[in-house]
């Protein structure tokens, strides 16, 4: 292993600052997008008082969260009630560390700058590991509130999350089989080529265009909705049913932490869908050179793709009604899990026949 | 040097949270402390150059099995029970048994702590594990699958019996 010197540490710190800054700024941007976007879909205006087009609404929200009284209910478990929002925040902030967000390029002194905070051999497994930790935030919040309805919301949501984790992981396996590695950088590099159709049309070799993996794209996207507790799977919140579900009893800063962790989980899932299926940082039909310019263009492409997917998250939330709970659990186990398994068999067959 | 500090820190975390599991009276706090202890164990696996096993430990044990434990604990809503008064002879035998077990454990770990690894470079990635699992260890793999299937069928039967017996 090469010795790590001060420049490496400084570059790693820079990468951490960039990624952390990006993740922390997701919340105010998405709050505005959600509120104006939902207003657009519902044919109303949304916040438009605080700044032009309501752009500074997030500042007003932040001021509210800082100044509001922090109420702790009598029946709540003292320690777990305060720790639960942190359990929710940790997976949301850490999973983004293994996602590559730009093209690796060569610095002026010959070093290779890889825009990924931690390029581990088992990258995707870490994401699944930390995603399975996000169940604990919800279930602990539901129980520690001392409120029966919060407990219902927490238990229902965690049952849903662990059911859809299976479909999530199994549908990602087909991508990993084709890429031949668990590293996300390898998965993205494999998608930088082109599919040539009929000798004329050059499609970027993104996994979503691949004949075997579009099905896993669909399954993974649906499971991503279920994992982040967004409509049509939002039993954790279930605004019309359980007041506010597992975060009913939370006020001010603790609620803000739940709010943030939901948007950050959404951003991480979008980043993961982008990396696995939409080619990550790859710009279609452009061969990015290994220079700073190529890196910046690829980082912008990545952000555009992730932003588009988050728009889709908001769009679906305000379009599709919530499914009934037993229907949701039934399709999780009886539809998406068999689909994901069948997809693995299909992709394995395609690889054996050397069509992929 | 860094691995030294990391090892002792996470070993302390594992031991402390293990003690919390045993000694705390609230079952939910105990279950969550077990999760923290399992996380510390996963860090140990990473220190031993086995990140694959560490990730699997978190996904399977801390992420699925402990969630199941928590479901049961939260839905049953156990109050901390009155403990039945134990007689002095029971306490003495309990302490004696656990002390004997601890001494035997430490002794055998110290005696057999130098193990012979198979020759060749140590590779612990998914490809090697997959190949080994499906070539050398295929029989235990299939037996474990059958065991899990038996557990699932047993669980289904038990729950079905409860539902049909009105």
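Protein chains in written order, with the working numbering: chain A, 1 to 356; chain B, 1001 to 1166.
Each residue gets a CB set at the ideal place from its N, CA and C atoms; glycine is no exception.
Whole alpha helix (DSSP H) runs in the segment 206-230 of chain A with 4 or more residues, listed along the chain? Segments of the alpha helix (DSSP H) lying fully in the segment 206-230 of chain A: 214-227.
Proximity below 8 Å, CB of residue 100 of chain A to CB of residue 285 of chain A: In this structure, residue 285 of chain A does not lie closer than 8 Å to residue 100 of chain A by Cβ.
When DSSP labels each residue in this structure, what does residue 105 of chain A get in the three-state scheme? Annotated three-state conformation of residue 105 of chain A is strand, per DSSP.
Tell me, please, whether the CB atom of residue 1051 of chain B is closer than 8 Å to any CB atom in chain A? Residue 1051 of chain B counts as touching chain A.
Would you report the Cα separation of residue 275 of chain A and residue 76 of chain A, rounded to the nearest angstrom? The alpha-carbon atoms of residue 275 of chain A and residue 76 of chain A are separated by roughly 40 Å.
Provide the residue span of the alpha helix (DSSP H) that contains residue 1038 of chain B, from first to last. Annotation for residue 1038 of chain B: the continuous alpha helix (DSSP H) segment containing it runs 1027-1047.
Are any of the Cβ atoms in chain A nearer than 8 Å to that of residue 1058 of chain B? Interface residue, yes.
Going by the DSSP bridge assignment, what does residue 197 of chain A pair with across the sheet? Looking at the DSSP assignment, residue 197 of chain A forms a beta bridge with A:201.
Cut-off 7 Å between Cβ atoms - residues of its own chain near residue 39 of chain A, not counting five sequence neighbours on either side: If we look at residue 39 of chain A and ignore the five residues flanking it on each side, its Cβ neighbours are 45 and 46.
Can you find at least 3 beta carbon pairs, one from the segment 73-93 of chain A and one from the segment 143-153 of chain A, that sit closer than 8 Å? Yes, the segment 73-93 of chain A touches the segment 143-153 of chain A.
Same chain only: Cβ atoms within 6 Å of residue 85 of chain A, ignoring 5 sequence neighbours per side: So the list reads 254, 257 and 258, once near-sequence residues are dropped.
Taking 8 Å as the threshold (beta carbon to beta carbon), is residue 32 of chain A in contact with chain B? No, residue 32 of chain A does not count as interfacial toward chain B.
Determine, using beta-carbon pairs with one atom in the segment 8-27 of chain A and one in the segment 245-252 of chain A, whether at least three such pairs fall under 8 Å. Because the criterion of three Cβ pairs below 8 Å is not met, the segment 8-27 of chain A and the segment 245-252 of chain A do not touch.
Simplified DSSP state of residue 240 of chain A, which is helix, strand or coil: With a pLDDT of 49 at residue 240 of chain A, under the threshold of 50, the predicted position of this residue should be treated as unreliable, though the coordinate-derived value follows. In the structure shown, residue 240 of chain A falls within a coil segment according to DSSP collapsed to helix, strand and coil.
Using a Cβ-Cβ cut-off of less than 7 Å, give me the residues of the segment 119-130 of chain A that come near chain B, in sequence order. The residues in question are 120, 121, 122, 125, 126, 128 and 129.
Hey, could you find the ends of the alpha helix (DSSP H) residue 45 of chain A is sitting in? Run containing residue 45 of chain A: none; DSSP gives neither H nor E here.
Alpha carbon of residue 1023 of chain B to alpha carbon of residue 1083 of chain B, nearest angstrom: Each residue's Cα considered, the two are about 13 Å apart.
Tell me which same chain residues have a C-beta within less than 8 Å of the C-beta of residue 41 of chain A, skipping the five on either side of it? A distance below 8 Å between beta-carbons, with the five flanking residues on each side excluded, links residue 41 of chain A to the following residues of its chain, in chain order: 315, 318 and 319.
Give the range of the alpha helix (DSSP H) segment to which residue 64 of chain A is assigned. Residues 57-67.
Determine, for residue 1055 of chain B, whether the minimum Cβ-Cβ distance to residues of chain A falls below 8 Å. Interface residue, yes.
Spatial distance of residue 114 of chain A from residue 1001 of chain B (CA atoms): A direct Cα-to-Cα measurement between residue 114 of chain A and residue 1001 of chain B gives close to 26 Å.
Which residues, taken in chain order from the segment 161-172 of chain A, show a beta carbon closer than 7 Å to some beta carbon of chain B? For the segment 161-172 of chain A, which is checked against every Cβ of chain B, the residues closer than 7 Å are 162.
Below 8 Å between beta carbons: does that hold for residue 1013 of chain B and residue 1033 of chain B? Between residue 1013 of chain B and residue 1033 of chain B, the CB-CB gap reaches or exceeds 8 Å.
Per DSSP, what kind of secondary structure is residue 113 of chain A in: helix, strand or coil? Here DSSP, grouped into helix, strand and coil, assigns residue 113 of chain A to strand.
Against chain A, with Cβ distances strictly below 8 Å, would residue 1035 of chain B count as a contact? Chain A has a Cβ within less than 8 Å of the Cβ of residue 1035 of chain B.
Start and end residues, alpha helix (DSSP H) containing residue 79 of chain A: First-last of the alpha helix (DSSP H) with residue 79 of chain A: 78-94.
Verify the CB distance criterion: does residue 1063 of chain B have a CB-CB separation below 8 Å to chain A? With 8 Å as the cut-off, residue 1063 of chain B counts as an interface residue toward chain A.
Against chain A: residues of the segment 1120-1143 of chain B by CB proximity under 7 Å: If the cut-off is 7 Å between Cβ atoms, the segment 1120-1143 of chain B has 1125 and 1126 near chain A.
Straight-line CA distance for residue 125 of chain A to residue 1055 of chain B? Between residue 125 of chain A and residue 1055 of chain B, the C-alpha separation is close to 6 Å.
Closest by C-alpha distance to residue 1017 of chain B, when choosing among B:1072, B:1125, B:1129 and B:1035: Nearest of B:1072, B:1125, B:1129 and B:1035 to residue 1017 of chain B, Cα basis: B:1035.
Residues of chain A with CB closer than 8 Å to the CB of residue 1069 of chain B, please, in chain order. Residues of chain A passing the Cβ test: none, with the nearest at roughly 11 Å.
Considering only residues of the same chain and omitting the five flanking positions on each side of residue 240 of chain A, which have a CB-CB separation below 7 Å? For residue 240 of chain A, the pLDDT reaches just 49, beneath the cut-off of 50, and the residue's location in the model is therefore unreliable, leaving the point undetermined.
Measure from the alpha carbon of residue 331 of chain A to the alpha carbon of each residue in A:289, A:58 and A:233, then state which is nearest. Considering only A:289, A:58 and A:233, the residue with the shortest C-alpha distance to residue 331 of chain A is A:233.
Comparing C-alpha positions only, which one of A:87, A:189, A:277 and A:106 sits nearest to residue 290 of chain A? Closest in C-alpha terms to residue 290 of chain A, from the list A:87, A:189, A:277 and A:106, comes A:106.
Applying the criterion that 16 or more other CB atoms from any shown protein chain within 10 Å of the CB defines a buried residue, is residue 140 of chain A buried or exposed? Label assigned to residue 140 of chain A: buried.
Could you tell me whether any Cβ in chain A is nearer than 8 Å to the Cβ of residue 1001 of chain B? No, because no Cβ of chain A sits closer than 8 Å to the Cβ of residue 1001 of chain B.
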